[in-house]
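Here the structure comes first, spelled out in structure tokens, and everything after it is commentary.
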Amino acid sequence: MKKVIMGTETAALAAVLARVQVVAAYPITPQTVTVEELSDYIGKGELDAEYITVESEHSAMAACVGASATGSRAFTATSSQGLALMHEMLHHAAGGRLPIVMLNANRALSPPWNLYCDHTDSLSQRDTGWVQYYCCDVQDVMDSTFIAYRVAEKVMLPVMINLDGFYLTHTSEVIDVPDQEEVDRYLPPYDPVDKVDVDNPSTYGCVCGADLFSSLKYRRQMDTLAVEQAWQEASDEFAARFGRSHAPVQGHNLDDAEVVIVTIGTAGGAAQLAADALRKEGVVAGSLNLAMVRPFPHQSFRQAVSGAKHLVVLDRDVSYGGEGIVAQEIKSCLYGKSSAQVHGFIAGAGGMDITEELLADMTREALGGQKQGLELGDSIWIKVLP
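In case it helps, the numbering used here puts the sequence shown at residues 70 to 455.
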């Protein structure tokens with residue numbers, strides 16, 4: 070069925086089709102529409118689920134942790150300061166091996182106060198143990214939710230689905246909404262081996278010694294590294310059923326590309342246009358949208374850019390005292406394995422538009438053209454006041 074729908078509305082509808090059983094959430098702009106819609110679905114009897122109203126995002130994640138531990142398929146949504154407030158419980162969810170799926174509407178962290186798109190909120194949580202996936206359009210929001218639950222319940226790790234604030238959360242597009250029966254065939258009911266059961270009591274969250282603690286950390290790291298392949302397999306099966314693929318790495322004209330523009334989120338469309346425009350100037354350019362940032366898809370990324378000489382990396386974020394977080398990840402991935410030069414640009418924070426022209430100009434600067442920004446450390450900042 071075709072439908073014109075916003076990103077936040079799509080996230081709610083996807084949760085309904087995924088047959089989530091518990092929703093615990095606290096509203097925050099620009100996520101609010103998602104939890105409002107879910108409340109309506111449950112209130113109208115269109116979703117058989119428990120909606121838990123809480124006093125904060127910390128409590129929302131705590132409720133999801135409890136629900137998931139009892140064997141329920143749990144969902145929540147947040148943004149920016151709300152995600153920051155969840156920080157402690159994000160560790161509980163990942164450490165507890167609980168396959169919660171959460172929508173995060175990417176928004177700048179204050180101060181100063183800003184409601185618009187910025188990736189620092191989610192990327193600053195990259196070491197909590199959550200899988201992180203970044204959507205490029207509204208269809209991606211729908212489809213990746215099903216893939217996320219499929220992968221989460223296989224590897225027993227939580228997944229964060231990220232939507233660019235307002236650019237994607239409040240943009241309406243025509244999408245294909247699958248039938249419930251089709252989704253059910255792809256995503257069977259959640260039936261965990263281990264769960265809290267009063268009739269079969271067990272101990273959870275107990276203290277453990279150094280040897281066991283290290284072993285558990287090792288096992289979690291091993292399973293986290295397996296996510297790249299698990300996601301690719303789930304994406305391949307989804308493509309076979311529905312005709313759409315959502316791989317961890319999504320490339321455009323990479324076969325012969327010497328220069329690759331790397332983005333995450335909605336900027337991927339502008340990057341494709343910029344690469345096409347640069348080819349008309351004689352620059353053999355391509356683009357790569359990095360859909361998965363945690364775990365970083367090392368193997369897929371290296372293979373995708375194996376022929377590139379220059380990588381022009383856009384960051385809508387910053388690691389203060391370091392550089393753009395995505396650029397850091399890429400340098401770590403390629404260290405000792407590629408001679409490609411990584412050019413890090415920081416732009417688009419706080420809702421600044423990322424256009425085809427801006428990305429093309431950044432690429433020209435990386436190749437020795439006219440300066441577009443201010444160099445600071447290992448990054449070039451675009452459209453900032455000195």
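All C-beta atoms in this analysis are idealised placements derived from N, C-alpha and C, irrespective of residue type, glycine included.
Around the Cβ of residue i, are there at least 16 other Cβ atoms within 10 angstroms (buried) or fewer (exposed)?
i    : result
S78  : Note that residue 78 corresponds to Glu in the displayed sequence, not to Ser. That one is buried.
N461 : Because the chain spans 70 through 455 in this model, residue 461 falls outside it and cannot be assessed.
Q290 : exposed
F282 : exposed
A118 : buried
N173 : buried
E444 : exposed
N269 : exposed
D301 : Per the sequence shown, residue 301 should be read as Gln rather than Asp. Buried.
G112 : exposed
D190 : buried
A279 : exposed
E306 : exposed
V262 : exposed
E426 : exposed
V210 : buried
R288 : exposed
S241 : exposed
Q194 : buried
V453 : exposed
V267 : exposed
Q319 : buried
G234 : buried
S408 : exposed
A106 : A small fix is needed here, since residue 106 is Glu in this sequence, not Ala. The residue is buried, with at least 16 neighbouring Cβ atoms inside 10 Å.
G274 : exposed
D430 : buried
Please confirm whether residue i and residue j have their CB atoms less than 7 Å apart.
i    : j    : result
Y95  : A146 : no
Y203 : G334 : yes
I330 : S369 : no
M158 : H127 : yes
N322 : A344 : yes
M70  : V353 : no
F487 : L256 : Absent from the model: residue 487. The displayed extent of the chain is 70 to 455, so no value can be given.
V296 : V200 : yes
G393 : S304 : no
Q487 : R142 : Look at the range of the chain in this structure, 70 to 455, and you will see that residue 487 is not part of it.
V252 : L86  : yes
V243 : V73  : yes
T103 : A80  : yes
N231 : N175 : yes
T293 : P364 : yes
A396 : G413 : yes
G315 : D212 : Before going on, a small fix: residue 315 reads as His here, not Gly. Going by C-beta atoms, H315 is nearer than 7 Å to D212.
G442 : W450 : yes
A326 : A373 : no
K223 : A299 : yes
A93  : V123 : yes
A162 : V134 : yes
Y110 : V170 : no
So, under 8 Å CB-CB, residue i and residue j are touching, yes? Tell me the CB distance rounded to an integer number of Å.
i    : j    : result
A132 : K264 : Actually they are not in contact, since the Cβ atoms of A132 and K264 sit about 16 Å apart, beyond 8 Å.
L428 : A308 : Actually they do not touch by this definition, with Cβ atoms about 28 Å apart.
A221 : F144 : Contact flag wrong, Cβ pair sits at about 11 Å.
P317 : A360 : 6 Å
C186 : G338 : Not quite, the Cβ-Cβ distance comes to about 14 Å (not below 8 Å), so this is no contact.
L178 : S149 : 6 Å
G76  : T197 : Not really, about 24 Å apart at Cβ, beyond 8 Å.
V382 : V411 : 6 Å
Inter-stretch contact (C-beta, 8 Å, three-pair minimum) for the stretch 378 to 388 and the stretch 417 to 435
yes
Measuring CB atoms only, is the stretch 221 to 231 touching the stretch 166 to 174, in the sense that at least three cross pairs come out at less than 8 Å?
yes
At which residue ranges does the stretch 265 to 296 contain complete alpha helix (DSSP H) runs of 4 or more residues, listed in the order of the chain?
279 to 294
Runs of alpha helix (DSSP H) wholly within the stretch 299 to 360 (minimum 4 residues, chain order):
336 to 349
Those runs of the beta strand (DSSP E) which lie wholly inside the stretch 156 to 205 and span at least 3 residues:
170 to 175 and 200 to 203
Run through the stretch 79 to 138 for me and flag every whole alpha helix (DSSP H) of 4 or more residues, listed as ranges in chain order.
101 to 112 and 126 to 138
Where are the beta strand (DSSP E) runs, 3 residues long or more, that stay fully inside the stretch 350 to 420, in chain order?
354 to 359, 361 to 363, 379 to 384 and 410 to 415
Complete runs of the alpha helix (DSSP H) confined to the stretch 208 to 274 [at least 4 residues]:
249 to 255
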